[in-house]
Each structure stands twice: as C-alpha cells, then as structure tokens.
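Protein sequence lines correspond, in order, to chains D and X.
If you use our numbering, the first sequence corresponds to residues 53 to 306, in order.
If you use our numbering, the second sequence corresponds to residues 53 to 306, in order.
Number of protein chains: 2
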Amino acid sequence: MSTPTESDAVDSFERLGLTSYEARVFIALQQLGSGTARDVASVADVPRSQVYSVAESLEDRGLLEVQQSSPIRYRPVSVDEAQSTLRSRFEAQEKQAFEYVEQVRTEPAGEEEQEDIWTVRGRARIDDRVIDLCSEAEERIIFGARLPPLVTDELERLLETKSAEGLEIAVVSRTAEIRQRLGRIQGVTVFTPPDHRQDDERSGRIVVADDDTILLSVVDDDGSETAIWSAGSLFASVLIELIEAGGEAHGTRG
Amino acid sequence: MSTPTESDAVDSFERLGLTSYEARVFIALQQLGSGTARDVASVADVPRSQVYSVAESLEDRGLLEVQQSSPIRYRPVSVDEAQSTLRSRFEAQEKQAFEYVEQVRTEPAGEEEQEDIWTVRGRARIDDRVIDLCSEAEERIIFGARLPPLVTDELERLLETKSAEGLEIAVVSRTAEIRQRLGRIQGVTVFTPPDHRQDDERSGRIVVADDDTILLSVVDDDGSETAIWSAGSLFASVLIELIEAGGEAHGTRG
DNA sequence: GGGCAGTTAGTAAGAGAGTAACAACAGAAT
DNA sequence: ATTCTGTTGTTACTCTCTTACTAACTGCCC
Chain D
53 MSTPTESDAV DSFERLGLTS YEARVFIALQ QLGSGTARDV ASVADVPRSQ
103 VYSVAESLED RGLLEVQQSS PIRYRPVSVD EAQSTLRSRF EAQEKQAFEY
153 VEQVRTEPAG EEEQEDIWTV RGRARIDDRV IDLCSEAEER IIFGARLPPL
203 VTDELERLLE TKSAEGLEIA VVSRTAEIRQ RLGRIQGVTV FTPPDHRQDD
253 ERSGRIVVAD DDTILLSVVD DDGSETAIWS AGSLFASVLI ELIEAGGEAH
303 GTRG
Chain X
53 MSTPTESDAV DSFERLGLTS YEARVFIALQ QLGSGTARDV ASVADVPRSQ
103 VYSVAESLED RGLLEVQQSS PIRYRPVSVD EAQSTLRSRF EAQEKQAFEY
153 VEQVRTEPAG EEEQEDIWTV RGRARIDDRV IDLCSEAEER IIFGARLPPL
203 VTDELERLLE TKSAEGLEIA VVSRTAEIRQ RLGRIQGVTV FTPPDHRQDD
253 ERSGRIVVAD DDTILLSVVD DDGSETAIWS AGSLFASVLI ELIEAGGEAH
303 GTRG
C-alpha cells in the first residue's frame with residue numbers, strides 16, 4: 053500500500069465519476085494553484101482545445117472556478133471543499149438509490165425450509181456473513197478458526213453481547229492466540245480440536261448457529277477465502293449433526 | 053423532492069459506479085428476495101442471457117451471493133451491507149485520489165498582488181466561498197444580504213467565532229429577520245441600508261473581509277445565484293473603498 | 001503577418017445495451 | 001429407448017453512445 057501515483061489518482065477520480073480529462077485537469081490545477089488553459093494543458097497533458105469544455109464541466113461539478121478574463125484563468129477549489137463536494141454528491145446518490153430499494157425490497161425469503169447453500173467469496177464479505185449469521189442465533193454459537201485474522205473485533209464484540217444474552221458460546225481452535233482471545237469473554241467455552249482430524253488441516257473457519265445455520269470456509273493457497281453457508285435448511289441441520297458427532301466426541305476442553 | 057422512482061434509483065446506482073444492468077439486477081433481487089436468472093431477468097427487464105455475467109460482476113462487488121446449483125440462484129446481500137460496501141469502496145477511492153492531490157498541490161497562489169476576479173456559480177458553492185473568505189479575515193468582516201436563506205448556519209457560527217476573536221463584524225440588511233438573527237451575536241453591529249440605493253434592489257449578497265477581499269453576488273430571476281470575488285487585489289481594494297464611501301455615509305445604525 | 005485565444009467539427013476506440021444463436025441437459029410423450 | 005420440447009448457461013455479434021484524441025478555423029493583439 054504505497055503512496056499513490058498520478059495515474060492511480062486519475063483512476064480513482066474516474067471511479068468517483070470524473071472522466072480521465074477531468075481528473076487530470078483538476079490535479080493539474082491543484083499543482084499549479086491557478087493558470088490558463090495553456091498552462092493546464094501542458095501540465096495535465098490534455099489537448100489545449102479540450103481544456104475549455106472540461107473545465108466548464110468541472111465548474112458545473114463545483115471543483116474549480118473560472119476567471120472571466122482574457123485569457124481565461126482557472127482556479128481549483130480547496131482540496132477540502134472538493135472532497136466534501138464529491139462526498140455530498142455521493143451521499144445524495146446513495147440516499148436516492150437505497151431509499152428506493154428500501155421501499156420495494158422484500159424480506160430475503162424467510163430462512164426456513166429452503167434447501168439453499170450460498171457461496172461467498174472474499175474475506176471481508178465472509179466476515180460480514182459471519183456477523184450476520186451469529187446475530188440471528190438465539191440459543192448457541194460455535195465458532196472455529198485457525199488463523200487469528202479470521203477473528204474480527206466485531207465478532208469478538210458480538211460474541212460478548214450474545215454471551216451476555218445467555219447464549220451458549222463455544223470456540224474451537226488449535227491456535228492458542230484465538231483460544232486466549234475469545235476465552236477471556238465471560239461465558240465462552242474454548243476447545244482444542246484433536247490433532248488427527250485432517251479436515252482441520254486446511255485453514256478456514258466454521259460457524260454453527262443454533263442447530264440450523266452453518267458456515268464453512270476454506271483459505272486457498274493464495275490466501276483468498278471462499279465460504280459456503282446455509283440457514284434453516286435440512287442440509288444445514290444434517291451437516292451440523294455430522295460435525296457435532298465428530299467434534300464433541302473428540303474435542304478437548306481448554 | 054418526492055420519493056424516487058425505479059429509474060431514478062437506477063440512475064443513482066449508475067452514478068455510484070454500477071452499470072444500468074447491474075443496478076436493475078440488484079434492485080430486482082432486493083424485490084425478489086432471491087431467484088434464478090430467469091426470475092431476475094423478467095423482473096429487472098434485462099435479457100436473461102446477460103443476467104449471468106452481470107450477476108458475476110455484482111458478486112465481485114460484494115452485492116450479491118451465488119448459489120452453486122442448477123439452476124443457479126442469486127441472493128442479494130442485505131441493504132445495509134450493500135450500502136456499507138459501496139461506501140467503503142467510495143472512501144477508498146476518495147482517499148487514494150485526494151492523498152495524491154494533497155501531496156502535489158501548491159498553495160493557491162498567495163492571495164496577493166494578483167488582479168484576479170473569480171466567478172462562482174450556484175448557491176451552495178457561493179456559501180462555501182463566503183465561509184472561506186470570512187475565515188481568512190483578520191480584522192473585520194462586512195456582510196450584507198436581503199434573502200434570509202443566504203445566511204447559513206455555518207456563516208452564523210463563523211461570525212460568532214470571528215467576533216469572539218476580536219474582529220469587527222458589521223451586518224447590513226434591509227431584511228429585519230437577518231438583522232435580528234445576526235444582531236444577536238455578541239459584538240456584531242447591524243445596519244439598515246437606505247431605500248434609495250437602487251443597486252441594492254437586486255437580491256444577492258456582499259462580503260467584505262478586511263480591506264482587500266470582497267465577494268458580490270446576484271440572484272437571477274430564476275433563483276440561480278452567481279458571484280464574483282477577489283482577494284488581495286487592487287481591484288478588490290478599490291471596490292471596497294467605493295462601497296464604503298457610499299455605504300457608511302448613508303448606512304443607518306440599527 | 002504571426003502567434004495566441006477560444007471555438008468547432010470530426011475521427012477513433014471502447015464500453016455497454018440489446019439481439020441471436022448454440023450446446024447441454026432434463027422431463028414428457030411416444 | 002427415443003424423440004420432442006423447453007430450459008439453462010454460454011458465446012458471438014451488432015448498435016449506440018461516451019470519451020479520448022486530432023485538426024482545423026476564426027478572431028484578436030502585437
């Protein structure tokens with residue numbers, strides 16, 4: 053995560069909704085402080101003839117100001133001002149988009165009696181799904197993982213809350229760091245899985261919530277994580293029973 | 053500002069970086085809860101054959117999950133999750149873009165001895181510029197306006213701060229509401245301009261900061277506002293002197 | 001005249017919207 | 001079994017619009 057280059061910055065501005073020319077002109081003006089179309093064109097490496105229209109568009113977006121003179125001079129708004137302008141634009145769009153979605157959405161199909169197994173790719177998204185599934189638990193949660201980064205702060209807090217609410221929380225890990233970290237929480241029981249279970253050789257995580265919700269993930273060689281999960285399905289129940297049969301039988305307290 | 057329609061929502065999602073198809077598929081899935089490509093295609097009004105690739109792209113963005121089965125089923129992430137995903141994406145881009153700009157920018161050309169007059173269009177941007185110019189004032193601020201909406205809360209707070217710092221603050225308005233509102237602030241003196249000055253017939257605002265910074269705006273018939281401003285220029289000084297000659301001579305305390 | 005300012009037209013390349021066709025497969029009818 | 005039918009998932013292709021980029025033209029001031 054090194055410091056961004058100019059082209060990184062241009063790309064980012066493009067993803068924020070500017071065109072490549074707009075991004076380059078804006079950056080050039082921030083470098084120059086202020087300048088004419090010619091100045092901007094040479095620094096931004098944008099055809100001079102295009103600077104006029106691009107600047108006009110940037111003026112519309114509130115990112116620069118125009119001096120009515122000959123030659124026309126341009127001046128960027130302050131960095132803070134530009135940032136807050138873009139941000140409020142984003143928030144307005146976000147609001148409009150999600151306001152509509154909130155109106156028309158229907159509950160994600162009651163988690164019952166559908167034999168659905170879903171796939172989630174990417175650590176951050178799996179983090180989210182883990183939190184989501186644990187939040188819905190009403191009786192107990194079993195959490196297992198080998199890699200410490202898979203235990204997020206948010207999960208830790210949630211387990212604490214859930215434990216305080218009276219849920220039974222069990223943590224299974226071969227990693228002492230994880231056992232210690234989560235074991236500190238009042239009411240959480242930690243287990244060490246037996247060494248000879250090879251399905252635990254692969255790193256990843258397992259979450260069981262109540263007796264009908266399960267999530268299993270694996271971490272690939274390249275570090276990317278993929279998870280499957282299911283809630284309220286027969287499939288989930290069966291899988292959970294299988295795991296419990298193996299797990300509880302061999303699990304070692306502590 | 054009525055409630056958004058579907059096409060408004062699609063437009064907004066597009067401005068947030070999705071394609072039209074992506075927006076429609078996402079919205080359709082929020083409506084459906086979950087469904088197959090066929091379901092989605094009919095609700096989203098997107099060619100079925102396109103749903104697969106579009107959904108894949110949405111999965112990459114973390115906006116939906118895929119059920120590996122036949123037929124493939126799709127399921128959106130929760131609205132909150134989608135929103136925070138998009139927001140953190142935005143913030144990452146924003147950070148990268150502005151981090152670079154912060155590095156390379158130069159101070160906006162010391163506000164001295166340049167005969168520059170800048171143009172700003174749009175009420176919100178003029179609000180910003182007003183705040184900016186007042187912030188830089190070191191001795192005194194004169195503010196004038198007829199329309200109450202042109203006095204923002206932020207300005208009111210800033211004037212209070214500046215007044216507390218010992219700056220001389222004068223408010224000129226023909227509107228009682230404005231005189232009362234800003235007159236409350238400790239240390240602020242309010243004036244009523246004489247009726248016979250026709251250049252005050254047009255609504256708009258005037259800001260004078262110290263003796264070298266000035267902003268003048270006019271409000272068009274259609275309500276749009278345009279301002280010119282100048283800081284540290286001879287032009288500004290002269291203009292200020294002109295206004296003061298007229299203003300202080302005829303201004304009525306109160 | 002010559003260089004610079006600002007404007008305009010026009011081309012080229014790419015992304016996205018929309019259409020059409022195809023192989024693989026499942027179930028139903030024969 | 002076998003043919004028929006409809007569906008799934010994939011691919012190729014067209015059309016259009018935006019944007020990057022080029023080139024020219026007009027007017028102006030020295």
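Just so it is clear, CB atoms sit at the ideal spot from N, CA and C, and this is done for glycine as well.
Query: Within 9 Å, strictly: CB atoms of alanine 197 of chain D and lysine 214 of chain D; Result: no
Query: Cutoff 9 Å: phenylalanine 243 of chain X Cβ touching any chain D Cβ; Result: no
Query: Neighbour flag for alanine 114 of chain X against chain D, beta carbons, 9 Å; Result: Residue identity differs from the one stated: residue 114 of chain X is glycine in this sequence, not alanine. It does; some Cβ of chain D falls within 9 Å.
Query: Spatially closest choice to serine 109 of chain D from D/Ser94, D/Ala144 and D/Thr71, by CA coordinates; Result: D/Thr71
Query: Those runs of the alpha helix (DSSP H) which lie wholly inside the segment 146-205 of chain D and span at least 4 residues; Result: 175-188
Query: Completely contained beta strand (DSSP E) runs for the segment 241-300 of chain D, where each covers 3 or more residues; Result: 256-261, 265-271 and 277-283
Query: Coil, strand or helix - glutamine 135 of chain X by DSSP; Result: helix
Query: Whole-Å CB distance - isoleucine 221 of chain D paired with glycine 239 of chain D, under 8 Å assumed; Result: 6 Å
Query: Proximity winner among D/Ile193, D/Thr278 and D/Ile295, relative to alanine 176 of chain D (alpha-carbon distances); Result: D/Thr278
Query: Threonine 213 of chain D - DSSP class collapsed to helix/strand/coil; Result: helix
Query: C-alpha distance - arginine 125 of chain D paired with leucine 81 of chain D, whole-angstrom precision; Result: 10 Å
Query: 8 Å Cβ cut-off: residues of chain X touching leucine 138 of chain D; Result: Glu146
Query: Per-residue contacts from glycine 174 of chain X into chain D (C-beta, under 7 Å); Result: Gly114
Query: For arginine 127 of chain X, the residue or residues it bridges with in DSSP; Result: X/Glu117
Query: Valine 131 of chain X to valine 153 of chain D span [Cα, whole Å]; Result: 8 Å
Query: Under 9 Å between C-beta atoms of isoleucine 183 of chain X and threonine 204 of chain X; Result: yes
Query: Assigned secondary structure, isoleucine 333 of chain D (DSSP; H/G/I helix, E/B strand, else coil); Result: For chain D, the structure presents residues 53 to 306; residue 333 of chain D sits outside this window and is missing.
Query: Whole-Å CB distance - isoleucine 193 of chain D paired with leucine 211 of chain D, under 8 Å assumed; Result: 7 Å
Query: Chain-ordered residues of the segment 196-210 of chain D with a beta carbon less than 7 Å from chain X; Result: none
Query: Three-state secondary structure (DSSP) of glycine 87 of chain X; Result: strand
Query: Cβ pair tyrosine 73 of chain X, valine 98 of chain X closer than 9 Å; Result: yes
Query: Where the alpha helix (DSSP H) through serine 105 of chain X begins and ends; Result: 100-112
Query: Integer Cβ distance of threonine 171 of chain X from isoleucine 280 of chain X, believed to fall under 8 Å; Result: 6 Å
Query: Close Cβ partners of glutamate 66 of chain D (< 7 Å) along its chain, the five nearest in sequence each way excluded; Result: Ser72 and Ala75
Query: Enclosing alpha helix (DSSP H) for glycine 235 of chain X [first to last residue]; Result: 228-235
Query: Residue-chain proximity (tyrosine 73 of chain X, chain D), Cβ-Cβ < 9 Å; Result: no
Query: Within 9 Å of chain X by C-beta, residues of the segment 99-126 of chain D in sequence order; Result: Glu111, Asp112, Gly114, Glu117, Val118, Gln119, Gln120, Ser121 and Arg125
Query: Neighbour flag for alanine 89 of chain D against chain X, beta carbons, 9 Å; Result: no
Query: Below-9 Å beta-carbon distance, glutamate 164 of chain X vs any chain D residue; Result: Note on glutamate 164 of chain X: pLDDT 45, under 50, position unreliable in the model; the coordinate value appears next. For glutamate 164 of chain X, the answer is no, since every Cβ of chain D falls outside 9 Å of its Cβ.
Query: Sub-9 Å separation of leucine 185 of chain D and alanine 261 of chain D beta-carbons; Result: yes
Query: Presumed contact (8 Å Cβ cut-off) between arginine 231 of chain D and threonine 244 of chain D, rounded CB distance; Result: 7 Å
Query: Beta-carbon spacing of alanine 89 of chain D, alanine 107 of chain D below 9 Å; Result: yes
Query: Cβ neighbour criterion (16 or more within 10 Å) applied to glutamate 111 of chain X; Result: buried
Query: Alpha helix (DSSP H) segment containing serine 59 of chain X, residue limits; Result: 58-67
Query: Glycine 275 of chain D at chain X interface by Cβ criterion, 9 Å; Result: no
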